[in-house]
Structure formats: C-alpha cells, structure tokens
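Residue numbers (my numbering), protein chains in the order written: chain A, 3 to 233; chain B, 15 to 167.
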C-alpha cells in the first residue's frame, strides 16, 4: 500500500506534467476554433447604457485630468499639444490581466505615439483596498516593465469613475475634435488577453489605424474580463 | 503504460478542476430547464473581492443542500495556474462547491452571452431557474445572496 502511494505520488507528478503539456496544445487548438467561429459573431454594436454603470459612451466628450505620474509630475491630456488623440488605459500593478497586457501596452505606445496617439496609463485602484497598487509600487512597476508612457495615479478615484472604467485593463480611445476629446472606442486591447501570440484581432490598434486613415471606427466597443476597480 | 492507467484513476479522486470553453460551459450549466436553481459565480484566485465573497456561496450551498440549489464556481484564472494556484487555493480554503475553469480567450464573444449587462469585471453572478434569470456584477454578502436566491425559490 505504502509503495503504491509513493509510486502514485511520483506518477501523479509525471502525469500532471504530461497532461499539462498536452492539455496546453489541445487548448490552443480549441481556442483557434473558437476564435474562428466566434469573432464573426462577436457583437460589438450593442451598447448597454441601461445596465452598465454610468460612464462614457461612444461619441461622448471625455474629461481632461491632472494626475501625478511616477516622477511626481502632474500630467494632463492638454500637455500633448501635437497629439491627434490618446489611448487612455486604466490598468494596475498586479492584476494578472494587466500584467499579461504590459508588453502589449508598451508596443502600442511605441507604435502609435509617433503617429499622434500616445498611451496614457492610469491606475484607478485604492491602495487601501489593493495594497499592491500603491504609488511606490507603481514606480517600481513602470521601471521593471519598461513603461514608455506616463503611468498616472488616480488618487482621488474620480477620473476612472467619470470614464466609467469598471476593471483593469480598460481602454478608452479618444480623438481630438475641435479642441474636445471624443470617445471613439471603449473596451479591450485585443481578443486574447492571456496569450499575445494568439491574438487574431487587435481591436484597439485597428481602431487607431482607422482614425489615422480618417475612417470611422468599425468595432467601437468590446468586452474583456478584468479585475474590478478597487474602490 | 499500465502504470499510467492505474494512476490516472487515482488522479480522478484528487481535487480536480475541469477546464471548459464557453460553449461547453453554456451547454452543461447554463441551459438546464429542471427544477433546480443554479447559482453561478465567476471568480478568480487573484480577485480579492471574489475570494472574500466565496464563503457566502459556500454557505448558500450548505444551507440549501436539501433544496434544489446548485452552486457552481467558474474560475477565470489562467488555465496554466490550475495546479499551481487554483487547486491549492481550493484545498486550503476547503471549498466544497463544484469548481470549473473557463478557458476561452474570446472573452469579447462570450461575456455578452452570459449577460449583455456584464462589463467583464469580476466578481459576477448569475442566478437562474427554468423561468427566471438574473445577472449581478457585484459582490455579495451571505444575506444579500440569500435574499436574491429566495426570489427564485
């Protein structure tokens, strides 16, 4: 009996490892199928103004703000005189979905800042509720993840609420029109938070590219799982 | 080979979390039309408010075990964390409700199928029976959850 247990223990480990590996491949296959079947259906047109907490809808004017970056400097959208618009991303230090998106956010900034759409990241969380999201840890995160964009602290937790961000990461793409910042896209960065290499549809990048081409954004709203904002 | 077969039986007896895509989850758990009330909670081990409200769901499951109430906890942890995080968490917290892991990258496709009202933030809960279905993007205390459940009883 005893030897069986030991054997079992060893083999469980072995099986876990093999199962894990093969499982991963299977899931990949699944995901591809799902993606093929469902992106077509993905319904991005529906807004849910009745049920979703108040916040901006497509076409609304977004407020500017004055929030502290990790160097103690106050940053506003209006500081970017030459910008055509902004990629405002509510994100935080440790939410796995935010962490999984970090590199992609840096890539987006590198891709679109030169074209007039810089990334502005905002941490909306209350560090008393989420101790990983203090200002000091934001400073560490920005260094460690090589943020090329301002990472701002919504200390009074007023800005995320005005925008209607419910989770991290949560993206708002704004375009300058007659001195106003108009909301053009709300939602996810792309269609696969977990695995960048599996992305089929770069929702946000597509939207920015459409704006750059002077077109209307086709997919205006998308949804993604995220960590709820800690109030 | 023989050994492996033997052992996979043992694995089944250990705490196990099945990983499903949304279609599988929907077919298995969201379309039942019997006299059971389903309380389905979306959570993750890294989601603090989710973890805080799990005892309320556990208590519902145990207090209503003689009624036809089924509590299902749908983990949104990444699937590669099942062994390293999800199962240790369930064991440590002695979670008795059934747990499955939803592993489906196309969140933009399936979130709205759970509810048009869902922004994608967790925790989120669906309570449904054959003729009623309600969705909640919020945290629950035991009392709040029980009150909502009673509406369906």
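We treat Cβ as the ideally placed atom computed from N, Cα and C, and that holds for glycine.
Asked                                                                                                                                            : Found
Residues that residue 226 (chain A) contacts on chain B, provided the C-beta gap is smaller than 7 angstroms                                     : 121, 122 and 134
Collapsed DSSP secondary structure at residue 132 (chain B) in the structure displayed                                                           : coil
Min CB distance residue 141 (chain B) to chain A below 8 angstroms                                                                               : no
Interfacial residues, the stretch 47-64 of chain B to chain A, with Cβ spacing under 9 angstroms                                                 : 56, 58, 60, 61, 62, 63 and 64
Option in A:76, A:225 and A:72 with minimal Cα separation from residue 66 (chain A)                                                              : A:76
Contact with chain B by residue 98 (chain A), beta-carbon distance below 8 angstroms                                                             : yes
Cut-off 6 angstroms between Cβ atoms - residues of its own chain near residue 49 (chain B), not counting five sequence neighbours on either side : 82
Inter-residue Cα distance where the pair is residue 35 (chain B) and residue 44 (chain B)                                                        : 13 angstroms
Chain B within 8 angstroms of residue 190 (chain A), Cβ atoms only                                                                               : yes
Neighbourhood of residue 70 (chain B) by C-beta distance below 7 angstroms, restricted to the same chain and skipping five residues each side    : 154, 155, 156 and 159
Cutoff 8 angstroms: residue 165 (chain B) Cβ touching any chain A Cβ                                                                             : no
Interface flag, residue 94 (chain A) vs chain B, CB-CB below 8 angstroms                                                                         : no
Rounded C-alpha distance that separates residue 227 (chain A) from residue 129 (chain B)                                                         : 13 angstroms
Inter-stretch contact (C-beta, 8 angstroms, three-pair minimum) for the stretch 163-179 of chain A and the stretch 217-231 of chain A            : yes
Helix, strand or coil at residue 162 (chain B) according to DSSP, with G and I counted as helix                                                  : helix
Residue from B:141, B:142, B:121 and B:144 whose Cα sits closest to the Cα of residue 133 (chain B)                                              : B:121
Residue 139 (chain B), DSSP secondary structure in three states                                                                                  : strand
Residue from B:53, B:145 and B:64 whose Cα sits closest to the Cα of residue 161 (chain B)                                                       : B:53
Closer than 7 angstroms: residue 217 (chain A) CB and nearest the ligand SAH heavy atom                                                          : With respect to the ligand SAH, the structure shown offers nothing to examine, as it has no ligands at all.
Short Cβ contact (8 angstroms threshold) for residue 72 (chain A) with residue 140 (chain A)                                                     : yes
Short CB-CB distance (under 8 angstroms) between residue 125 (chain B) and chain A                                                               : yes
Rounded straight-line distance, which links the Cα of residue 87 (chain A) to that of residue 178 (chain A)                                      : 5 angstroms
Beta-carbon spacing of residue 104 (chain B), residue 29 (chain B) below 8 angstroms                                                             : yes
Sequence ranges, beta strand (DSSP E) only - wholly within the stretch 117-151 of chain A, length at least 3                                     : 121-125
Per DSSP, the bridge partner or partners of residue 176 (chain A)                                                                                : A:88 and A:185
Backbone CA spacing between residue 95 (chain A) and residue 171 (chain A) [nearest angstrom]                                                    : 10 angstroms
Rounded distance between the beta-carbons of residue 60 (chain A) and residue 215 (chain A), thought under 8 angstroms                           : Residue 215 (chain A) to residue 60 (chain A), Cβ: 18 angstroms. No contact.
Residue-chain proximity (residue 151 (chain A), chain B), Cβ-Cβ < 8 angstroms                                                                    : no
Residue 162 (chain A) in three-state terms, based on DSSP                                                                                        : helix
Near-chain B residues of the stretch 124-138 of chain A - C-beta to any C-beta below 8 angstroms                                                 : 131 and 132
Neighbour flag for residue 103 (chain B) against chain A, beta carbons, 8 angstroms                                                              : no
contact_flag[the stretch 181-195 of chain A, the stretch 93-111 of chain A] where n(CB pairs < 8 angstroms) is 3 or more                         : yes
Bridge partners - residue 228 (chain A), DSSP secondary structure assignment                                                                     : B:135
Interfacial residues, the stretch 200-211 of chain A to chain B, with Cβ spacing under 7 angstroms                                               : 200
Cβ of residue 183 (chain A) within 8 angstroms of any chain B Cβ                                                                                 : no
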